[in-house]
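Data block below; observations after.
Number of protein chains: 2
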Amino acid sequence: MFSHAETDPVIDKDEARELEADLRIRLLQHQYRRLQQAEQTLLIVVAGIDGAGKGSAINLLNTWMDPRHVHTLAFGKLNKREAMRPAMWRYWNSLPPKGQTGIVFGSWYGALLAEAQRKHPDTEKMAQYARIINRFEAMLAAEGVQVVKLWFHLSREAHKERTERLLQNPETAWRVSRADLKAQKRFHRLRRAGEIAITQTLRPHAPWYIIPSANDDTRAIHTADAVLQALEQPPATRIVADTPLPVQCLPAPERRAAPPERIGKDVYEAQLAHWQGRIAQAMRSRAFSERSLVLVFEGQDAAGKGGAIRRITAALDVRSFDIHPVSAPNAYERSRPYLWRFWRKLPPHGKIAIFDRSWYGRVLVERVERLATPATWQRAYDEINDFEAQLCANGTQVLKFWLEVSKAEQLRRFKERETSPFKSFKLTQDDWRNRTKWNAYRNASQSMLERTSTHHAPWHCIPADDKRMARLKILEAVATALESADGHEPAHQEPPIQKQTSEFS
Amino acid sequence: MFSHAETDPVIDKDEARELEADLRIRLLQHQYRRLQQAEQTLLIVVAGIDGAGKGSAINLLNTWMDPRHVHTLAFGKLNKREAMRPAMWRYWNSLPPKGQTGIVFGSWYGALLAEAQRKHPDTEKMAQYARIINRFEAMLAAEGVQVVKLWFHLSREAHKERTERLLQNPETAWRVSRADLKAQKRFHRLRRAGEIAITQTLRPHAPWYIIPSANDDTRAIHTADAVLQALEQPPATRIVADTPLPVQCLPAPERRAAPPERIGKDVYEAQLAHWQGRIAQAMRSRAFSERSLVLVFEGQDAAGKGGAIRRITAALDVRSFDIHPVSAPNAYERSRPYLWRFWRKLPPHGKIAIFDRSWYGRVLVERVERLATPATWQRAYDEINDFEAQLCANGTQVLKFWLEVSKAEQLRRFKERETSPFKSFKLTQDDWRNRTKWNAYRNASQSMLERTSTHHAPWHCIPADDKRMARLKILEAVATALESADGHEPAHQEPPIQKQTSEFS
Numbered sequence: 001m002f003s004h005a006e007t008d009p010v011i012d013k014d015e016a017r018e019l020e021a022d023l024r025i026r027l028l029q030h031q032y033r034r035l036q037q038a039e040q041t042l043l044i045v046v047a048g049i050d051g052a053g054k055g056s057a058i059n060l061l062n063t064w065m066d067p068r069h070v071h072t073l074a075f076g077k078l079n080k081r082e083a084m085r086p087a088m089w090r091y092w093n094s095l096p097p098k099g100q101t102g103i104v105f106g107s108w109y110g111a112l113l114a115e116a117q118r119k120h121p122d123t124e125k126m127a128q129y130a131r132i133i134n135r136f137e138a139m140l141a142a143e144g145v146q147v148v149k150l151w152f153h154l155s156r157e158a159h160k161e162r163t164e165r166l167l168q169n170p171e172t173a174w175r176v177s178r179a180d181l182k183a184q185k186r187f188h189r190l191r192r193a194g195e196i197a198i199t200q201t202l203r204p205h206a207p208w209y210i211i212p213s214a215n216d217d218t219r220a221i222h223t224a225d226a227v228l229q230a231l232e233q234p235p236a237t238r239i240v241a242d243t244p245l246p247v248q249c250l251p252a253p254e255r256r257a258a259p260p261e262r263i264g265k266d267v268y269e270a271q272l273a274h275w276q277g278r279i280a281q282a283m284r285s286r287a288f289s290e291r292s293l294v295l296v297f298e299g300q301d302a303a304g305k306g307g308a309i310r311r312i313t314a315a316l317d318v319r320s321f322d323i324h325p326v327s328a329p330n331a332y333e334r335s336r337p338y339l340w341r342f343w344r345k346l347p348p349h350g351k352i353a354i355f356d357r358s359w360y361g362r363v364l365v366e367r368v369e370r371l372a373t374p375a376t377w378q379r380a381y382d383e384i385n386d387f388e389a390q391l392c393a394n395g396t397q398v399l400k401f402w403l404e405v406s407k408a409e410q411l412r413r414f415k416e417r418e419t420s421p422f423k424s425f426k427l428t429q430d431d432w433r434n435r436t437k438w439n440a441y442r443n444a445s446q447s448m449l450e451r452t453s454t455h456h457a458p459w460h461c462i463p464a465d466d467k468r469m470a471r472l473k474i475l476e477a478v479a480t481a482l483e484s485a486d487g488h489e490p491a492h493q494e495p496p497i498q499k500q501t502s503e504f505s
Numbered sequence: 001m002f003s004h005a006e007t008d009p010v011i012d013k014d015e016a017r018e019l020e021a022d023l024r025i026r027l028l029q030h031q032y033r034r035l036q037q038a039e040q041t042l043l044i045v046v047a048g049i050d051g052a053g054k055g056s057a058i059n060l061l062n063t064w065m066d067p068r069h070v071h072t073l074a075f076g077k078l079n080k081r082e083a084m085r086p087a088m089w090r091y092w093n094s095l096p097p098k099g100q101t102g103i104v105f106g107s108w109y110g111a112l113l114a115e116a117q118r119k120h121p122d123t124e125k126m127a128q129y130a131r132i133i134n135r136f137e138a139m140l141a142a143e144g145v146q147v148v149k150l151w152f153h154l155s156r157e158a159h160k161e162r163t164e165r166l167l168q169n170p171e172t173a174w175r176v177s178r179a180d181l182k183a184q185k186r187f188h189r190l191r192r193a194g195e196i197a198i199t200q201t202l203r204p205h206a207p208w209y210i211i212p213s214a215n216d217d218t219r220a221i222h223t224a225d226a227v228l229q230a231l232e233q234p235p236a237t238r239i240v241a242d243t244p245l246p247v248q249c250l251p252a253p254e255r256r257a258a259p260p261e262r263i264g265k266d267v268y269e270a271q272l273a274h275w276q277g278r279i280a281q282a283m284r285s286r287a288f289s290e291r292s293l294v295l296v297f298e299g300q301d302a303a304g305k306g307g308a309i310r311r312i313t314a315a316l317d318v319r320s321f322d323i324h325p326v327s328a329p330n331a332y333e334r335s336r337p338y339l340w341r342f343w344r345k346l347p348p349h350g351k352i353a354i355f356d357r358s359w360y361g362r363v364l365v366e367r368v369e370r371l372a373t374p375a376t377w378q379r380a381y382d383e384i385n386d387f388e389a390q391l392c393a394n395g396t397q398v399l400k401f402w403l404e405v406s407k408a409e410q411l412r413r414f415k416e417r418e419t420s421p422f423k424s425f426k427l428t429q430d431d432w433r434n435r436t437k438w439n440a441y442r443n444a445s446q447s448m449l450e451r452t453s454t455h456h457a458p459w460h461c462i463p464a465d466d467k468r469m470a471r472l473k474i475l476e477a478v479a480t481a482l483e484s485a486d487g488h489e490p491a492h493q494e495p496p497i498q499k500q501t502s503e504f505s
């Protein structure tokens, strides 16, 4: 794999100048074309032997391309905000929009490379990390984020020689880091780690390029050439989906609109106060201050999502939650993968994020209204299960409520909204239009319940024709979940990608 | 001022129920109207005596309004990211979009209230804090962010009684904080601080409401009523501009397109390398790791902004800067005050933010193309001076470059772009169109140079007909500024608003 790079090839000076002139024009041409089309984000993952000159190569790329549209995304030690979220959060959070280019230092390969560098690496762990990476990159590719990966390499002798040369000159000595010096000693392990990482994550839609790095011109030309190859490619049309997350799907919960019993106002109010008190209490527990909660509300129009949410928030300190009403994504959000806007709203520890409609829009409204192609919404089930598994593995509880309302009860509520002074604002033409697609929505929600009710994040189907019973059921579920957080074990069997605490790698 | 509130008025239960029913309907009506119109953001500033039940009142507001569109913005101790930016950054950063409501705990009144609570408050300091607040709120009002301020108040006796009552009941004892207990002892000072703050910052466009808080119903009704009054108001049309920042304007720098001398290629390259080396060196200084740099580039199309930026970034570690190309704001950005998108991009310590075009768009393109009314772009000069003063007071250096190119040289460059294979992408129809408005742009830029070349952030006018000389001048200015950072004193005479490090207040 590295045999060519380890011959430390040297490009002739004159030839390099000629190649450079040509490469620069084409890099700019394709960069501007991409900007105009705004169909794809390009992410360049930077990895390789420490001290191979990764930084210089990327600096150069910034000079050859228009740097106003190239973003360097450098990730080091986790900061506090990052440490409270799933490992992938930091990458999602800084994803450039379509048309632009990001260069990633300290990427999601950190955990895999760290394990692969150990004296006795754990094969199963490495395979798991690789699967997580492969699923992530396949999802990105399908969503218009192209990933190319550069491995900067040279022979051990050339590495030694380069480090010594830099150290000798006081003007360049600062360029040599401790990691570079360590790389000499651990060269064979780094090399093996590279081999493992490349072998396990090489995909047609996310290729690796090995960049011979002993010679400055050679490294520059190869880097620019790899990026140019990536830029020249049209958006990937056939993504090889990677092994999906081995999810334990539960049987779809039973749907019933009418609750088994009705309940009087007095009993309702007493019970409401009871569950609100338990929620308030549980929120103040020590255990919860180190985890977080995500609540998802889905259901037909007028199923009672808003009312249920208000009964929960009444029990909470206003500083402890955020409510995210979800409607069609705006242009800003559409320039990223559809899960992006939800990743950005994940709560820190001790907080609750409440989603009034959610990422399930992709398999509900987008499916029914044909805003997404069948291939797109069909792959979403796996993507969503994977997303929620990452939340759970991070200690974030995910509670999903499907509020089941009957067609007759919905009609009654629409009519009530038409006449009530403070409900009329809630009713729009869309609501009536959606009602005509009742069966299509029913089918879509049924598939959703079947494909995404998982062991780690099950759906709660709430009979919603009676608002009081529905609210009590939901409050009970929230209270119980919060109270169980103490002994709560991440339910998913696949460990999260190890959070990286090392320096840039 | 507090005499009514200190009678601790009590609203009759039945009357309260009746008022509540009416208030809730109208709150919701106006909330939805505001959402539909999306013309104004409402910010509710929460202040008052600790232990007056501010939290409960706001909780209730969340129940009475649709909480999906009400955001609680609670600010406590500064975190690391906030500590590196000007004091107002945290508030800018979390500003809700138009149509929505934000409730602010721990607001920009913290510093003023803290000073006013001291045994011997510094009158001049308080006046300065009040001026900063007043300028900020006037600017917000002019930009469609309505601010209303609630002061929760009760008599000292009622405060004592309320605290003791809560403490006695184990179910409510947790509601009493240390600040609440301290408030008993320091009641008179808190009261005086409130008086000072209210007197100095009461404005027609940013009113204070005093909320009698001894009785739960009374507090609830008054809170809802104050918010309703605010919601009922149409967007403010006549804002009383507050005392502008006392800025030392420098004489507008002289504009000359042709540099005094031309320079050969060899000399240019040697000098370029020299200044790049000095910049690289200065960036690694200890002093710079505790400050940051903002570079602003303005100038006619083809003046050479991009080329100059590339010569700077070539000297920098790619991880140490961000380039922000600025064009027309998108819908997401238009739903906030125009400075918002720039506040969000302020660099942390040790970093450089490079703006290729900037907030000066308001007084250049928006003025010339009539995208802003005369009143709007005229007030922008003060707003911009104020913004930059806050940056400087925070230790962020602001370097502004106006690249002056002649009309003839611009034409030559346009033609060159038409024919060059890797420049043709840079030329658009807009460029030709803007050229027809040469004189209008010239007038606008002249006013800009006269009104915003300040002692704390002067404009550098760069003769740009010769690209080499222009780049060298710019690099020299950047290097000199970075090197002088060591002894750099915040140049502006008005101190920044004191950064708040206390708990929620």
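Protein chains in written order, with the UniProt record's numbering: chain X, 1 to 505; chain B, 1 to 505. Cβ atoms here follow ideal geometry from the backbone N, Cα and C, with glycine treated the same way. Only a predicted model underlies this, so the values are computations on that prediction, with no experimental measurement involved.
Exercise for review: Run down chain X in chain order and give the residues with a C-beta less than 7 Å from the C-beta of residue 62 (chain B).
Suggested key: 313, 318
Note to self: Just checking: is the beta-carbon of residue 338 (chain X) within a distance shorter than 9 Å of some beta-carbon in chain B?
What the structure shows: no
Extent of the continuous beta strand (DSSP E) run through residue 41 (chain B)
41-48
| message | I want to verify the contact list: residues of chain B whose CB lies under 7 Å from the CB of residue 72 (chain X), in sequence order. | response | 318, 319
*Should residue 512 (chain B) be labelled buried (16 or more other beta-carbon atoms within 10 Å of its own) or exposed?*
The structure shown does not extend to residue 512 (chain B), since chain B is modelled only from 1 through 505, so no value can be given for it.
*How is residue 4 (chain X) classed by DSSP in three states: helix, strand or coil?*
coil
- Task: Let me know the secondary structure DSSP gives residue 397 (chain X) once reduced to three states.
- Result: strand
Run of the alpha helix (DSSP H) containing residue 267 (chain X), from where it starts to where it stops = 265-283
**Item:** Cβ contact (3+ pairs, closer than 8 Å) linking the region 149-167 of chain X and the region 204-216 of chain X
**Value:** yes
#### Entry: Neighbour flag for residue 306 (chain X) against chain B, beta carbons, 9 Å
yes
| message | Quick check: what's the CA-CA separation for residue 117 (chain X) versus residue 109 (chain X)? | response | 12 Å
Cβ distance (whole Å) where residue 253 (chain B) is taken to contact residue 453 (chain B) below 8 Å = 6 Å
Mind pulling the chain X residues with CB within less than 9 Å of residue 331 (chain B)?
-> 330, 331, 332
ask   = Are any of the Cβ atoms in chain X nearer than 9 Å to that of residue 361 (chain B)?
value = no
DSSP state of residue 210 (chain B) mapped onto helix, strand, coil
strand
Where residue 498 (chain B) and residue 291 (chain B) are concerned, what is the direct C-alpha to C-alpha distance, given to the nearest angstrom?
Confidence at residue 498 (chain B) is low in this model, with a pLDDT of 49, below 50, so the placement of that residue is unreliable and no value is reported for it.
- prompt: Below 9 Å between beta carbons: does that hold for residue 60 (chain B) and residue 183 (chain B)?
  reply: no
Practice problem: Take the Cβ of residue 263 (chain X) as the centre, count every other Cβ of all protein chains shown within 10 Å, and call the residue buried at 16 or more, exposed below. | Solution: exposed
- Query: Applying a beta-carbon distance threshold of less than 7 Å, which residues of chain X neighbour residue 323 (chain B)?
  - Reply: 67, 68
| query | When burial is assigned at 16 or more other CB atoms within 10 Å of the CB, is residue 151 (chain B) buried or exposed? | reply | buried
Review point. From residue 133 (chain B) to residue 95 (chain B), what does the alpha carbon distance come to, in whole angstroms?
Key: 16 Å
Residue ranges of each alpha helix (DSSP H) run of no fewer than 4 residues wholly in the region 96-157 of chain B, ordered along the chain?
-> 110-117, 123-142
Practice item. Tell whether a beta-carbon distance below 9 Å holds between residue 515 (chain X) and residue 41 (chain X). Key: As displayed, chain X neither begins before 1 nor continues past 505, which places residue 515 (chain X) out of reach and without an answer.
- Task: Taking residue 458 (chain B) and residue 404 (chain B) to be in contact with their CB atoms under 8 Å, please state how far apart those CB atoms are, rounded to whole angstroms.
- Result: Wrong, their Cβ atoms sit about 15 Å apart, outside the cutoff.
task: Specify whether the region 48-67 of chain X and the region 181-197 of chain X touch according to this definition: at least 3 beta carbon pairs, one from each stretch, less than 8 Å apart.
output: yes
| query | Leaving out five residues before and five after residue 326 (chain X) in sequence, what residues of the same chain have Cβ atoms less than 7 Å from its Cβ? | reply | 355, 356, 357, 358, 361
Quick one: residues in its chain with C-beta nearer than 6 Å to the C-beta of residue 388 (chain X), no 5 flanking neighbours on either side, listed in chain order? 398, 457
Open item on the list: With a threshold of 9 Å between beta-carbons, can residue 80 (chain B) be considered close to chain X, or not?
Closed with: yes
| field | Between the CA atoms of residue 11 (chain B) and residue 222 (chain B) - distance to the nearest angstrom | value | 10 Å
**Request:** Anything in the region 251-278 of chain X with a Cβ closer than 7 Å to a Cβ of chain B? List those residues in chain order, please.
**Result:** none
>> Restricting to runs no shorter than 4 residues, where is the alpha helix (DSSP H) found entirely within the region 278-320 of chain X?
In response: 305-313
Are the C-beta of residue 288 (chain B) and some C-beta of chain X separated by less than 9 Å?
no
I'd like to know if residue 414 (chain X) contacts chain B, where contact means its C-beta is closer than 9 Å to some C-beta of that chain. no
From residue 56 (chain X) to residue 248 (chain B), what does the alpha carbon distance come to, in whole angstroms?
-> 43 Å
From the beta carbon of residue 59 (chain B), is the nearest beta carbon of chain X less than 9 Å away? yes
For this session: For residue 105 (chain B), return the contacting residues in chain X, with the cut-off set at a CB-CB distance below 9 Å.
Result: 318, 319
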